[in-house]
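So the sequence shown is residues 5 to 159, counted in the numbering used here.
From the three backbone atoms N, C-alpha and C, an ideal C-beta is built for every residue, glycine too.
Everything numeric in this text was worked out from a predicted model, so none of it was measured.
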Amino acid sequence: MVNFLKKNIKIVFLFWLIQNYCFAQSPRYHLKVNFNSSNYKVDIKQKVWFVNNSADSLKEIHFNIYPNKIYNSKELSLIGFYQNYFKANLFPQGVQSTNFLISKVNSLGKELTYSIDKTSDTVLKVVLKQPLNPGEEIVLDIDSSFVLPYQYGLL
């Protein structure tokens, strides 16, 4: 089971990195991932190079946090349909939270203010110390962690 998880984490991150390095001016990510197989905890230190591609100065940057996704009843019903169709239990212990936590967001060694949108829990908002003008780049260091839920498929 542990080897399966390690292999799949590597594959997911590989596709993610390829996607981000193949398109000009997309954010670039460098990830250092530590997986603890005894408690299924994943610690991530990531460096993000973000270029302002917009015509406006940015005072904040938003990131999607997919592990925090909470399924609504319609989505759970659809998942149930596919579970029955494929005769597979995607959530053997029920739908579990990943307990995704952000512990630090820095830029050039300076701590930045950040918050997670309370309406969906899937958007991280990082407030910049100074506006990021069009064409300018900022490098962010983001430390986070989560516990892998016991499920099959994407987080």
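Cβ-Cβ distance between residue i and residue j below 8 angstroms
i   : j    : result
A59 : P138 : yes
Q50 : H34  : yes
I48 : T126 : no
F95 : S148 : no
CA nearest to the CA of residue i, picked from the options
i    : options              : result
L132 : D121, E115, K122     : E115
R32  : S77, L144, Y89, F150 : L144
T123 : N72, P96, A92, V46   : N72
I146 : V109, N103, A92      : V109
L161 : K91, Q134, N93       : The structure shown has nothing for residue 161, since the chain only spans 5 to 159.
E64  : I120, S148, P96      : I120
K36  : V46, L82, S30        : V46
Contact belief for residue i with residue j at Cβ below 8 angstroms, rounded distance in angstroms
i    : j    : result
Y118 : I106 : 6 angstroms
V151 : Y44  : 6 angstroms
S61  : L136 : 6 angstroms
ask   = Do the stretch 38-58 and the stretch 126-140 meet, that is, are 3 or more Cβ pairs less than 8 angstroms apart?
value = yes
query = In chain order, which beta strand (DSSP E) runs of at least 3 residues are fully inside the stretch 76-122?
reply = 105-111, 117-120
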